[in-house]
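Written below as structure tokens is the structure these notes are about.
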Amino acid sequence: MKTLSTPLLLLAGCVLFLAGCSGFDRGVTSVGLSVELNGIERAADGTVTVTWSLVNPNVTPYLLERVTQKIFLDGALAGTTLDTQPMAVPAQQTTSKASRLTPAGPAAERLVAEAAAKGGAAYRVETQLLIRLYGDLTDKGLLTHTGSVPVTGK
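Quick note, the sequence shown lines up with residues 0 to 153 if you use numbering that gives the first Met the number 0.
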């Protein structure tokens, strides 16, 4: 019995160790980063520009390869942004960027117009980051933030 329990215990320990390692949580790289909306501007031709900031309190700089955002105003999806231009985020600094909003349809366009008429709206932003680590190695991060944002129209 003693000869059987030792290998089984060793095997169980190896399985548990490997299971713990394979459960590595993607997105660890983005710990500490936060995203905030600074403003939304609706132009006369109907295009919408979102100004947002990425706050990096860490001592490590980041290189973002791609940023995708879903923006919700007053609880409804207003649209998405996609930035494929690489973006540097220096250590312990805030980086701001303006992105074009792709509306989620006619209802979303009305939602932005109503928010512009009110001068602002409550928002939730879901941001997916593709972070370039080195070479071809990347990591993904998901950030979510809520608050209120000024919305203007021309």
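Beta carbons: idealized from backbone N, C-alpha and C, even for Gly.
Quick caveat: nothing in here was measured; it's all calculated off a predicted structure.
ASN55 counts as buried, since no fewer than 16 other beta carbons sit within 10 angstroms of its beta carbon. Taking the CA atoms as reference points, ALA114 sits about 24 Å from LEU142. Counting C-beta pairs closer than 8 Å gives fewer than three between the stretch 72-79 and the stretch 129-141, which falls short of the contact rule. Closest in alpha carbon position to ALA77, among VAL58, ALA97, LEU110, GLY152, is LEU110. Of GLU108, ALA112, LEU36, the smallest CA-CA separation from HIS144 is found for LEU36. Residue pairing by DSSP puts GLY152 in a beta bridge opposite ARG41. Excluding its 5 nearest sequence neighbours in each direction, ALA121 has C-beta neighbours in its own chain below 6 Å: ASP73, SER147, listed in chain order. Listed in chain order, the alpha helix (DSSP H) elements of length 4 or more contained wholly in the stretch 96-131 are 105-117. In this structure, LEU62 is the residue among ASP44, VAL58, THR94, LEU62 with its C-alpha nearest to the C-alpha of ASP135. The C-beta distance from VAL58 to ALA90 rounds to 5 Å, short enough to meet the 8 Å contact threshold.
Per the C-alpha coordinates, the member of GLN127, LEU81, THR46, PRO85 positioned closest to VAL150 is THR46. Taking the Cα of ALA103 as reference, the smallest distance to any Cα among GLY119, SER33, PRO60, THR79 is reached at THR79.
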